[in-house]
Amino acid sequence: MSNPRISKNELLKMLREDEEFRYAVAGLIGVEDIKSSLDRLIQSVNRLSQSQEKLTHEVDRLAELHAKLEERVDKLAEKVDRLAELHAKLEERVDKLA
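Sequence positions in the sequence shown follow our numbering and run 12 to 109.
Okay, here's the thing in structure tokens:
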């Protein structure tokens with residue numbers, strides 16, 4: 012009985028020339044499953060990328076709003092300080108009148 016071994020070159024030739032054989036080998040090694048998984052992975056990465064972009068825009072918007080709020084708080088603090096000064100002066104005047 013002879014051992015029907017196929018050389019690498021013969022195997023590569025069969026893969027190139029025999030479409031049915033090529034698809035049979037692809038099926039055996041799970042190429043379609045891998046391709047399908049890769050397609051799903053690419054779709055997931057694309058969705059994540061879009062979500063990340065939206066989140067980045069939202070964070071930028073929130074940072075702008077935060078900066079505006081800080082400005083308003085600073086202005087309010089200045090007004091409170093000014094009111095405290097005026098209140099202290101008013102108390103002094105009331106004390107002098109008493």
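Glycine included, each C-beta is placed from N, C-alpha and C at the ideal position.
Remember, predicted model here, so these are calculated numbers, not experimental data.
CB of residue i within 7 Å of CB of residue j, strictly
i     : j     : result
ARG33 : LEU26 : yes
Three-way DSSP call (helix, strand, coil) for residue i in this model
i     : result
ALA99 : helix
Expected contact under 8 Å - CB spacing of residue i and residue j to nearest Å
i     : j     : result
ALA37 : GLU43 : 7 Å
Task: Complete alpha helix (DSSP H) runs within the region 17 to 97 (minimum length 4 residues, chain order) - done: Listed in chain order, the alpha helix (DSSP H) elements of length 4 or more contained wholly in the region 17 to 97 are 19 to 28 and 30 to 39.
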